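Notes for the one structure printed next.
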Amino acid sequence: MEIKRLPVLDIWVDELDMDTAVRKVEDMVGASGPPKTILAVNPEKNLSVPRDPGLHELFRTAGLLIPDGIGVVLAARLLHGARISRVPGCDLMQKICGLAEKKDWPVYIYGAKPEVNTKAVQKLRESYPNLRIAGHSHGYVPPEGMDDLVRNINDSGALILFVAMGSPKQEKWMLDHMGRLTDIRVCQGVGGTLDIISGDLKRAPALFCGLGLEWLYRLISEPKRLKRQSYYPIFALKVLREKLGRLINPPCRNE
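Sequence positions in the sequence shown follow my numbering and run 33 to 287.
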């Protein structure tokens with residue numbers, strides 16, 4: 033299944049919606065070769081990832097780059113006229129769990145605090161009674177315990193791995209350890225999703241989500257995020273500048 037990958041400033045995003053993303057995941061699980069990554073794209077990562085050559089390459093070669101942030105969706109529409117909808121990583125993870133339950137694909141859940149990880153696994157088992165959670169581990173594994181963690185993931189027989197460590201820590205973990213995973217077909221970075229599933233973090237009301245204002249709700253709820261969200265106006269100005277440049281000097285080829 034081919035999906036168009038669009039450049040947005042210095043990284044990329046895939047032109048898709050939730051249904052297309054789920055179908056692509058199904059294809060990736062059935063494919064051979066090394067594990068395929070699912071990474072979320074948002075304005076913050078758009079500006080931070082290019083500073084790290086390893087992370088930039090990880091994003092370039094990702095199996096799926098989902099438009100997690102509304103800013104990236106609007107930018108892709110403005111720059112490319114893309115048919116694209118927001119695909120929140122939290123929602124995609126749960127869609128993947130539903131698909132894995134249906135297909136009998138075992139999953140492994142790594143990350144978050146010990147109590148959050150345990151609660152999230154319990155909630156997922158309640159929501160997906162036939163989902164095979166082959167193993168799970170909290171995200172506070174010390175460096176000297178990483179070999180045992182990788183061995184545990186491999187011994188579990190899981191085909192899908194969810195890594196919930198926040199960015200860029202989870203992406204750097206993938207860089208360091210993906211090559212050692214023997215059976216994993218798909219690895220998704222899910223950030224704070226386990227906190228939401230466990231109930232430790234309240235998600236924005238449906239009205240905010242529907243309007244693409246989940247970022248605003250989180251800022252109101254967590255004022256300390258203001259520094260992180262200072263990326264937004266910088267990103268918007270860069271996108272507008274690129275759009276203006278394209279209007280003044282149109283590209284010579286179709287994108």
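The C-beta atom is built at its ideal place from N, Cα and C for all residues, glycine as well. None of the values given here were measured: they were computed from a predicted structure.
Residue i lies in the alpha helix (DSSP H); which residues open and close that run?
i              : result
isoleucine 185 : 178-188
alanine 268    : 263-280
leucine 48     : Neither: leucine 48 is in no alpha helix (DSSP H) and is coded neither H nor E.
methionine 206 : 201-209
Any idea if residue i is buried or exposed, counting beta-carbon neighbours within 10 angstroms, 16 or more meaning buried?
i             : result
tyrosine 172  : exposed
glycine 231   : exposed
glutamate 176 : exposed
serine 64     : exposed
lysine 36     : exposed
glycine 103   : buried
serine 188    : buried
proline 161   : exposed
leucine 279   : exposed
glutamate 287 : Because glutamate 287 carries a pLDDT of 49, less than 50, the predicted location of this residue cannot be relied on, and the following value inherits that uncertainty. With fewer than 16 Cβ atoms within 10 Å of its Cβ, glutamate 287 is classed as exposed.
Mind reading off the beta-carbon distance from residue i to residue j? Whole number of angstroms is fine, and I expect it under 8 Å.
i             : j             : result
methionine 50 : valine 119    : 5 Å
glycine 223   : serine 199    : 6 Å
valine 195    : tyrosine 264  : About 25 Å separates the two Cβ atoms, so there is no contact after all.
arginine 164  : proline 138   : 4 Å
valine 73     : isoleucine 98 : 7 Å
valine 271    : leucine 110   : 6 Å
For a test of the three-state rule: what should DSSP assign to residue i, helix, strand or coil?
i              : result
threonine 225  : helix
leucine 193    : strand
isoleucine 216 : coil
glycine 130    : helix
proline 175    : helix
leucine 233    : coil
arginine 157   : helix
aspartate 136  : coil
proline 120    : coil
glutamate 294  : Beyond the ends of the chain as shown, which are 33 and 287, falls residue 294; an answer cannot be given.
methionine 33  : coil
alanine 152    : helix
proline 283    : coil
Hey, quick one: how far does the beta strand (DSSP E) through residue i stretch, first residue to last?
i              : result
arginine 164   : It is not in any beta strand (DSSP E) - arginine 164 carries neither H nor E in the DSSP assignment.
leucine 38     : 37-40
isoleucine 141 : 139-143
For chain B, is any of its Cβ atoms less than 8 Å away from the one on residue i?
i            : result
histidine 88 : The structure shown contains no chain B; it holds only a single protein chain.
Length at least 4, wholly inside the stretch 53-112: the alpha helix (DSSP H) runs in chain order | Correct list: 75-80, 85-92 and 102-112.
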